[in-house]
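Just below is one structure, and these are the notes that go with it.
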Amino acid sequence: MTSEITLFVNPTAGRGRGAHAAQPAASALRAAGFSVRTVLGEDADDALCRAREAVRGGTGALITVGGDGMVNLALQAVAGTRTPLGVVAAGTGNDFARALGLPIRDPARAGELAAQALKGAHIRDIDLGRVGDRWFATVLASGFDSKVNDRGNRMRWPNGRFKYDLAMLAELAAFRPVPYKITLDDGETREIEATLIAVGNASSYGGGMRICADADLTDGLFDVTVVGDCSRTTLVKVFPRVYRGTHLTHPVVTTHRVASITLAADGITGYADGERLGPLPLTAECVRAAVRVLAPVPAPGRKAVNTGLQ
Numbered sequence: 001m002t003s004e005i006t007l008f009v010n011p012t013a014g015r016g017r018g019a020h021a022a023q024p025a026a027s028a029l030r031a032a033g034f035s036v037r038t039v040l041g042e043d044a045d046d047a048l049c050r051a052r053e054a055v056r057g058g059t060g061a062l063i064t065v066g067g068d069g070m071v072n073l074a075l076q077a078v079a080g081t082r083t084p085l086g087v088v089a090a091g092t093g094n095d096f097a098r099a100l101g102l103p104i105r106d107p108a109r110a111g112e113l114a115a116q117a118l119k120g121a122h123i124r125d126i127d128l129g130r131v132g133d134r135w136f137a138t139v140l141a142s143g144f145d146s147k148v149n150d151r152g153n154r155m156r157w158p159n160g161r162f163k164y165d166l167a168m169l170a171e172l173a174a175f176r177p178v179p180y181k182i183t184l185d186d187g188e189t190r191e192i193e194a195t196l197i198a199v200g201n202a203s204s205y206g207g208g209m210r211i212c213a214d215a216d217l218t219d220g221l222f223d224v225t226v227v228g229d230c231s232r233t234t235l236v237k238v239f240p241r242v243y244r245g246t247h248l249t250h251p252v253v254t255t256h257r258v259a260s261i262t263l264a265a266d267g268i269t270g271y272a273d274g275e276r277l278g279p280l281p282l283t284a285e286c287v288r289a290a291v292r293v294l295a296p297v298p299a300p301g302r303k304a305v306n307t308g309l310q
């Protein structure tokens, strides 16, 4: 493996934390004997082009410095190749780093762990989701949560996560269950009304909301969480349980474990890794061992969950 490593940096991630995180991560890698090249890019398209050039050029690893959006961009360059992906978590959500058991907002330690992995300690193959030619690592969101994203992205004020808190309150006031048609990998199409449907390759989104709490990055399957038709009052009561993953036992929640799923609903946008995919219908497939990562994959610690749509 070449000793040249590429840092793929989003300087604006986490209100500027990305720019500050790059230097200690690079210093840790250089101290371990690696040569470090930094890729920024003028915009997302330019950054992705440069990342792909680095992968084609044989870089020893592509290490993202930023949040889940930067990870998602990097996946488009490394998925399906033998170039490993590292993560220096410096964003707002950092759910992918959390799923891999990597440090959050400790760039020096993240750089040290990446260096150790490159020297043979922890390089693992994990699954990814794919929608068309787009890859994702954590959760594909649709329904109430994606409507919150839509509204938050339209808001110019305030900045940061508070914007999405306000967007959630506004969407809650306008809340109506969504009529879905879903097709699981058994080929049968079902029509249901649901508050949201989340398709998890990893367990969490939104900065630690464990919507698909039992998802396993190495089993070749998605964990799908369906929050059914429920009142605003029930939704408000269930919502805090998402951070602990205990919502899965609530009567309005059903779960499935599938290799692929098609979601269709009028007026609903799909988001994956917090990034906009586009309007439904969308078909997602879980691709086993689609990317190499510089991190140990923690044991999933599965729980028994209820299955079947109602």
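If you count the sequence shown from 1, position 208 lands on 208 in the UniProt record's numbering, and the numbers rise without skipping. Ideal Cβ placement from N, Cα and C applies to all residues, glycine included. None of these values were measured; they are calculated from a predicted model.
| Taking one C-beta from the segment 109-127 and one from the segment 138-158 each time, how about it: are there three or more such pairs within less than 8 Å? | no
| task | Enumerate, from N- to C-terminal direction, the unbroken alpha helix (DSSP H) stretches of 4 or more residues contained entirely within the segment 129-215. | result | 144-154 and 161-173
| query | Buried or exposed: N201, going by 16 or more other Cβ atoms within 10 Å of its Cβ? | reply | Your numbering for residue 201 matches position 201 in the sequence shown. Per the 10 Å Cβ criterion, buried.
| Cβ-based neighbour list, A25, same chain, cut-off 8 Å, excluding 5 preceding and 5 following | Taking the first residue of the sequence shown as position 1, residue 25 is located at position 25. Closer than 8 Å at the Cβ level, and outside the excluded window around A25, lie L7, I63, V65, V88, P107, A108, A110, G111 and A114.
| Three-state secondary structure (DSSP) of D125 | Numbered from its first residue, the sequence shown carries residue 125 at position 125. Strand, per DSSP.
| said: DSSP three-state label for T83, please. | reply: Sequence index remark: in the sequence shown, residue 83 carries index 83 (1-based). Reduced to three states, the DSSP call for T83 is coil.
| Looking at C-alpha atoms only, which residue of A54, T138, T83 and G16 is the closest neighbour of G274? | Taking the sequence shown and counting its residues from 1, one reaches residue 274 at position 274. Taking only the C-alpha atoms, the option nearest G274 is T138.
| said: Between which two residues does the alpha helix (DSSP H) holding A54 run? | reply: Counted from its first residue, the sequence shown places residue 54 at position 54. From DSSP, the alpha helix (DSSP H) with A54 extends over A44 to R56.
| request: Answer yes or no: do L98 and R292 have a C-beta to C-beta separation smaller than 8 Å? | output: Looking up residue 98 in the sequence shown gives position 98. Looking up residue 292 in the sequence shown gives position 292. Per the sequence shown, residue 98 should be read as Arg rather than Leu. Result no, Cβ atoms of R98 and R292 do not sit closer than 8 Å.
| request: Pick out whichever of Y243, R130 and V178 has its Cα sitting closest to the Cα of F144. | output: The residue you call residue 144 lines up with position 144 of the sequence shown. Taking only the C-alpha atoms, the option nearest F144 is V178.
| task | Taking only the alpha-carbon atoms, compute the straight-line gap between G301 and Y271 and give it to the nearest angstrom. | result | For the purposes of this step, residue 301 is taken as residue 301 along the sequence shown, with counting starting at 1. For the purposes of this step, residue 271 is taken as residue 271 along the sequence shown, with counting starting at 1. Unreliable placement is indicated for G301, whose pLDDT of 44 sits below 50; no coordinate value is reported for it.
| said: Once the 5 residues before and after M209 are set aside, which same chain residues still bring their CB inside 7 Å of it? | reply: Within the sequence shown, numbered from 1, the residue matching residue 209 stands at position 209. Correct list, in chain order: V242 and Y243.
| said: I'd like the span of the beta strand (DSSP E) that includes V78, first residue to last. | reply: In the sequence shown, the residue the question calls residue 78 occupies position 78. Not the beta strand (DSSP E): V78 falls in the alpha helix (DSSP H), residues D68 to V78.
| When the Cα atoms are used, what is the spatial distance from G308 to I192? | The residue labelled residue 308 in the question sits at position 308 within the sequence shown. The residue labelled residue 192 in the question sits at position 192 within the sequence shown. The predicted position of G308 is uncertain, since its pLDDT is 38 and thus under 50; a value taken from the coordinates is nonetheless stated next. Rounded to whole angstroms, G308 to I192 spans 12 Å at the Cα level.
| For S260, does the three-state DSSP call read helix, strand or coil? | Counting from one through the sequence shown, the residue named residue 260 turns up at place 260. Correct three-state label for S260: strand.
| message | Quick check: A213 and L248, are their CB atoms within less than 8 Å of each other? | response | As a first step, residue 213 must be located in the sequence shown, where it is residue number 213. As a first step, residue 248 must be located in the sequence shown, where it is residue number 248. Yes, they are a contact pair.
| task | Buried or exposed for A21, please, with buried defined as at least 16 other CB atoms from any protein chain shown within 10 angstroms of its CB. | result | Your numbering for residue 21 matches position 21 in the sequence shown. Buried, since its Cβ has 16 or more Cβ neighbours within 10 Å.
| For G228, the first and last residue of its enclosing beta strand (DSSP E) | To locate residue 228, count along the sequence shown from 1; it is residue 228. From DSSP, the beta strand (DSSP E) with G228 extends over F222 to G228.
| Got a sec? Which residues, its chain only, sit under 7 Å from A74 by beta carbon, not counting five neighbours each side? | As a position in the sequence shown, residue 74 is number 74, starting the count at 1. Answer for A74: F8, A51, L62, T64 and L85, listed in chain order.
| Which word fits G91, buried or exposed, when buried means at least 16 other C-beta atoms lie within 10 angstroms of its C-beta? | For the purposes of this step, residue 91 is taken as residue 91 along the sequence shown, with counting starting at 1. G91 is buried by the Cβ-count criterion.
| What's the gap between the Cα of G228 and the Cα of I5? | One-based indexing of the sequence shown puts residue 228 at position 228. One-based indexing of the sequence shown puts residue 5 at position 5. Cα to Cα, the separation comes out at about 46 Å.
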